[in-house]
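Novice: This structure is in structure tokens; I'll ask about it shortly.
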Amino acid sequence: MNKDTITMTNNRTNEQYDFNILDATRGPSVVDISSFYKETGMFTYDVGYTSTASCKSNITFIDGEKGELRYRGMLIEELAENHSYLETCYLLLNGHLPTTEQLLDFDLELRHRSFIDESLHHLIDAFPDAAHPMSILASGVSALASFYYEHLNMKDEQECQDMARRIIAKIPTLAAFAYRKSLGIPFIYPNIDLSFTENFLYMMRAYPGGKMKRTANGEEKIKPIEIKALDTIFTLHADHEQNASTTTVRNVASTGAHPYVAISAGISALWGRAHGGANESVMAQMEMIGDVKNVDAFIERAKDPNDEFRLMGFGHRVYKNFDPRAKALKKLQDQLKDELNLDSKLMDIAHRIEEIALNDEYFIKRNLYPNIDFYSGVILTALGIKRPMFTAIFVIGRTVGWITQLMEFKNDSSSKIARPRQLYLGS
Ligand code: ACO
Numbered sequence: 257m258n259k260d261t262i263t264m265t266n267n268r269t270n271e272q273y274d275f276n277i278l279d280a281t282r283g284p285s286v287v288d289i290s291s292f293y294k295e296t297g298m299f300t301y302d303v304g305y306t307s308t309a310s311c312k313s314n315i316t317f318i319d320g321e322k323g324e325l326r327y328r329g330m331l332i333e334e335l336a337e338n339h340s341y342l343e344t345c346y347l348l349l350n351g352h353l354p355t356t357e358q359l360l361d362f363d364l365e366l367r368h369r370s371f372i373d374e375s376l377h378h379l380i381d382a383f384p385d386a387a388h389p390m391s392i393l394a395s396g397v398s399a400l401a402s403f404y405y406e407h408l409n410m411k412d413e414q415e416c417q418d419m420a421r422r423i424i425a426k427i428p429t430l431a432a433f434a435y436r437k438s439l440g441i442p443f444i445y446p447n448i449d450l451s452f453t454e455n456f457l458y459m460m461r462a463y464p465g466g467k468m469k470r471t472a473n474g475e476e477k478i479k480p481i482e483i484k485a486l487d488t489i490f491t492l493h494a495d496h497e498q499n500a501s502t503t504t505v506r507n508v509a510s511t512g513a514h515p516y517v518a519i520s521a522g523i524s525a526l527w528g529r530a531h532g533g534a535n536e537s538v539m540a541q542m543e544m545i546g547d548v549k550n551v552d553a554f555i556e557r558a559k560d561p562n563d564e565f566r567l568m569g570f571g572h573r574v575y576k577n578f579d580p581r582a583k584a585l586k587k588l589q590d591q592l593k594d595e596l597n598l599d600s601k602l603m604d605i606a607h608r609i610e611e612i613a614l615n616d617e618y619f620i621k622r623n624l625y626p627n628i629d630f631y632s633g634v635i636l637t638a639l640g641i642k643r644p645m646f647t648a649i650f651v652i653g654r655t656v657g658w659i660t661q662l663m664e665f666k667n668d669s670s671s672k673i674a675r676p677r678q679l680y681l682g683s
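Residue numbers for the sequence shown follow my numbering, so the first one is 257 and each next one is one higher.
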């Protein structure tokens, strides 16, 4: 680490202060202002943390100018095209891709850990009919803390790994149960003969007794292309540096709360439409637009400063160029168009929105490009998944990122309870 400093002058007193500059292995350096209050008697002010690095991290890197995303140094495009979601999970948790043997062990372990306690069925059952899956999921994950309350020794590596693998394995089951509850249909238990992603599709689609839908051509099997599409979606969502939900997870964990309660808080933070909830809103918006001929009018609304309407799936705090995850999903959408019989009306609306927005001065000036949530809905719809489940799919993909970030936080001796200050303007 170099010893360069940045000097700040207080024009009121002419006092000067030096702060250390810390260099990153990739991306911008940071100014260490941890002693700022002690030295100057003032706080710093940064609403929404637009210029603040809240931690040191080795997990995920984003270059917002170049539109680049890496997990543990590996480019997202390489992972999405050539590696499975479970390999990506292993990479995030362990810092390297698994060998064939390690992957097999990891896969089998997750299959066997995918069951949830029977009493959780009652909890889910107690929700009102048509409850939103995100609400059930946040509660279900919070309840898991009561079943695994012993997992609080974060200094024990094995205990941490067990805690992480358990939540990654159980999230799809809780999500599928939440989905079926929201549809008023009976729960389907995990099938350990199936891979992580196929099992999730199975738990959503199967009929009681584990039977699949019957058609005139026989049993309707889950297609490999469907498994690959959803697996890629999970990979693209697996982590994203210090976003709002990850920061929530770290903040809750900073108080010493149980890791699963912290993950539950992350699920709640993700639900908002400025964050992961945007994927559900994008689809609602496209359905509201209804036809290509109505797109222009909605674009005008999005540009009107007096109208609260925002184009969902557009814009990002960090990406000032194309979101690489969106690029990968658009490619996937084009590849799957015929094979999965994607809804051409929705795709036409999406293409028209994209075409106008990418050429319109309002969007260009503000660096507003489609984000990951803009493209996922059309693919999820083609997989037969209902709109309220879209953000829960995001949760399944992101859980590994949250838990990896939480473990990093716990293992960092410089971590502190999250406790910002304020600029008081009251009486
Ligand atoms: N439609 C229209 N205008 C927009 C949009 C949009 N989607 N997003 C931002 N703008 C405008 C703002 O009105 C503002 O304009 P102004 O400078 O004239 O006031 C300018 O662009 C900057 O916007 P901010 O809200 O300051 O940008 P911020 O970085 O705080 O917000 C966010 C980023 C929340 C993603 C925002 O772009 C947004 O609300 N997008 C729509 C929701 C969405 O798609 N969220 C998913 C993000 S990806 C994810 O979380 C997985």
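Each residue gets a CB set at the ideal place from its N, CA and C atoms; glycine is no exception.
Just so it is clear, the structure is predicted and the values come from calculations on it, not from any experiment.
For the alpha helix (DSSP H) that contains Glu365, what are its first and last residues?
Specialist: Along the sequence shown, read from residue 1 onward, the residue named residue 365 stands at position 109. That run of the alpha helix (DSSP H) goes 356 to 368.
Novice: Could you check if Thr504 is buried or exposed, using at least 16 other CB atoms within 10 Å of its CB as the buried criterion?
Specialist: Position 248 of the sequence shown, counted from the start, is the residue given in the question as residue 504. The C-beta of Thr504 has 16 or more other C-beta atoms within 10 Å across all chains shown, which makes the residue buried.
Novice: Roughly how many angstroms separate the alpha carbons of Ser438 and Thr263, rounded to a whole number?
Specialist: Taking the sequence shown and counting its residues from 1, one reaches residue 438 at position 182. Taking the sequence shown and counting its residues from 1, one reaches residue 263 at position 7. Between Ser438 and Thr263, the C-alpha separation is close to 57 Å.
Novice: For Leu639, does the count of other Cβ atoms within 10 angstroms reach 16, so buried, or fall short, so exposed?
Specialist: The residue you call residue 639 lines up with position 383 of the sequence shown. Buried: at least 16 other Cβ atoms inside 10 Å.
Novice: What's the gap between the Cα of Lys426 and the Cα of Thr344?
Specialist: Counting from 1 along the sequence shown, the entry for residue 426 is found at position 170. Counting from 1 along the sequence shown, the entry for residue 344 is found at position 88. Rounded to the nearest angstrom, the two C-alpha atoms are 17 Å apart.
Novice: Which residues in the same chain have their Cβ closer than 6 Å to the Cβ of Ile483, if we skip the five residues on either side of it in sequence?
Specialist: Counting from 1 along the sequence shown, the entry for residue 483 is found at position 227. Closer than 6 Å at Cβ, skipping near neighbours: Thr453, Glu454.
Novice: Nearest by alpha-carbon distance to Asp579: which of Tyr305, Ile332, Lys411 is it?
Specialist: As a first step, residue 579 is located in the sequence shown; it is residue number 323 there, counting from the start. For the residues Tyr305, Ile332, Lys411, the minimum Cα distance to Asp579 belongs to Ile332.
Novice: Please work out which residues of its chain come closer than 8 Å, Cβ to Cβ, to Ala280, disregarding the five sequence neighbours upstream and downstream, and give them in chain order.
Specialist: Position 24 of the sequence shown, counted from the start, is the residue given in the question as residue 280. Counting only residues of its own chain and dropping the five nearest sequence neighbours on each side, Ala280 has a CB closer than 8 Å to the CB of Val286.
Novice: Less than 7 Å between C-beta atoms, sequence neighbours within five positions excluded: which residues of the same chain meet that for Ser683?
Specialist: Taking the sequence shown and counting its residues from 1, one reaches residue 683 at position 427. Excluding sequence neighbours, Ser683 sits near nothing in its chain.
Novice: Any heavy atom of the ligand ACO inside 7 Å of the beta-carbon of Asp629?
Specialist: Mapped onto the sequence shown, residue 629 falls at position 373. For the ligand ACO, at least one heavy atom lies less than 7 Å from the Cβ of Asp629.
Novice: Buried or exposed for Lys583, please, with buried defined as at least 16 other CB atoms from any protein chain shown within 10 angstroms of its CB.
Specialist: The sequence position of residue 583 within the sequence shown is 327, counting from 1. So Lys583 ends up on the buried side.
Novice: Nearest to Leu662 by alpha carbon, out of Val517, Gly546, Glu337, Leu364?
Specialist: In the sequence shown, the residue the question calls residue 662 occupies position 406. When only C-alpha atoms are compared, the closest one is Val517.
Novice: Identify which residue in Asn507, Pro676, Ile545, Asn627 has its Cα closest to the Cα of Arg529.
Specialist: What you label residue 529 is simply residue 273 of the sequence shown in a count that begins at 1. Nearest C-alpha to Arg529: Asn627.
Novice: Where do the N-terminal and C-terminal ends of the beta strand (DSSP E) with Glu324 fall, by residue?
Specialist: Looking up residue 324 in the sequence shown gives position 68. Unbroken beta strand (DSSP E) run through Glu324: 324 to 327.
Novice: Answer yes or no: the CB of Gly653 versus the heavy atoms of the ligand ACO, is any distance below 7 Å?
Specialist: As a working note, residue 653 is residue 397 in the sequence shown. Flag unset: Cβ of Gly653 not near the ligand ACO.
Novice: Ignoring anything shorter than 3 residues or poking outside the stretch 468 to 547, list the beta strand (DSSP E) runs there in chain order.
Specialist: none
Novice: In terms of residue numbering, what span does the beta strand (DSSP E) encompassing Leu249 cover?
Specialist: An answer regarding residue 249 cannot be provided, because it is not within the stretch 257 to 683 covered by the chain.
Novice: Starting from Phe578, follow its DSSP beta bridges and name the residues at the other end.
Specialist: Here residue 578 corresponds to residue number 322 of the sequence shown, with the count starting at 1. Paired residue(s): none; Phe578 is not in a bridge.
Novice: Report the option in Leu430, His378, Ile545, Phe371 whose CA atom is closest to the CA atom of Asn447.
Specialist: To locate residue 447, count along the sequence shown from 1; it is residue 191. For Asn447, the nearest C-alpha among the options comes from Phe371.
Novice: Going by the beta-carbon positions, is the gap between Asp198 and Phe275 smaller than 8 Å?
Specialist: No answer is possible for residue 198: it lies beyond the span of the chain, which begins at 257 and ends at 683.
Novice: Would you mind working out which of Ala399, Ala500, Asp604 sits nearest Lys549, comparing C-alpha positions?
Specialist: As a working note, residue 549 is residue 293 in the sequence shown. Nearest option by C-alpha distance: Asp604.
Novice: To the nearest angstrom, how far is it from the Cα of Phe383 to the Cα of Asp599?
Specialist: The sequence position of residue 383 within the sequence shown is 127, counting from 1. The sequence position of residue 599 within the sequence shown is 343, counting from 1. One C-alpha to the other measures close to 32 Å.
Novice: Please name the residue, chosen from Gly512, Lys587, Glu595, Arg622, that lies closest to Ala558 on a Cα-to-Cα basis.
Specialist: Sequence index remark: in the sequence shown, residue 558 carries index 302 (1-based). The option with the nearest alpha carbon to Ala558 is Arg622.
Novice: Inspect the CB distances between the stretch 345 to 365 and the stretch 608 to 623 and report whether three or more fall short of 8 Å.
Specialist: no
Novice: Identify, in the order they occur along the chain, each residue of the same chain with its Cβ nearer than 7 Å to the Cβ of Thr308, setting aside the five sequence neighbours on each side.
Specialist: As a first step, residue 308 is located in the sequence shown; it is residue number 52 there, counting from the start. The residues are Asp302.
Novice: Under the three-state reduction of DSSP, which class applies to Gln678: helix, strand or coil?
Specialist: Numbered from 1 along the sequence shown, position 422 holds the residue referred to as residue 678. Of the three classes helix, strand and coil, the one that applies to Gln678 here is coil, per DSSP.
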